[in-house]
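A short worksheet on the structure shown next.
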Amino acid sequence: MNVFNVRYKRDSSGWWVATIVEVAGCHTQGKSIAQTRNRLREALSLYVDDVVDAEFIEHICLPRKANELVRKVVSARRKVAEDEAALQSSTMEAACHLTEDLGVSLRDAGEVLALSFQRVQQLTASKSKR
């Protein structure tokens with residue numbers, strides 16, 4: 007399987023131009039990144055025989071400020087995902103402790119955790135299946 011680096015850049019007309027770095031002269035374009043991405047294999051097939059299994063590592067070239075803003079968004083999304091995973095784990099642990107160890111009803115556990123009793127039941131059931 008061949009792996010190719012692809013650089014996407016916008017041209018002066020606003021179209022995206024994709025260049026396959028490892029293959030001199032191999033490029034394609036489209037009105038959107040998605041359209042350009044869909045045309046990559048066709049462009050590559052003019053230079054390489056087996057493009058079906060080709061993998062692409064994409065690099066979208068943006069101005070410095072845009073790159074900084076995108077990095078902030080990606081970092082924030084990663085942190086949110088980590089926080090959501092920690093919240094899920096803590097919520098499950100609390101629901102199980104309240105209902106199983108302390109004998110609190112599903113409804114009361116839901117009140118304490120600001121969840122529906124159905125969600126508390128789901129959490130405690132999924133914990134017992136593990």
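Numbering (our numbering), first residue to last: 7 to 136. Where is the CB? At the ideal position from N, CA and C, for every residue including glycine.
Residue(s) in a DSSP beta bridge with residue i
i	result
residue 61	9
residue 78	The partner list for residue 78 (beta bridge, DSSP) is empty, contrary to what the question assumes.
residue 15	23
Beta-carbon proximity check, residue i vs residue j, cutoff 8 Å
i	j	result
residue 129	residue 101	yes
residue 39	residue 63	no
residue 36	residue 22	yes
residue 7	residue 61	yes
residue 53	residue 29	yes
residue 119	residue 110	no
residue 12	residue 24	yes
residue 71	residue 98	no
Coil, strand or helix - residue i by DSSP
i	result
residue 133	helix
residue 37	coil
residue 49	helix
residue 100	helix
residue 27	coil
Distance between beta carbons of residue j and residue i, contact taken as under 8 Å
i	j	result
residue 34	residue 16	With a Cβ gap of about 14 Å, residue 34 and residue 16 do not count as contacting.
residue 58	residue 50	Wrong, their Cβ atoms sit about 10 Å apart, outside the cutoff.
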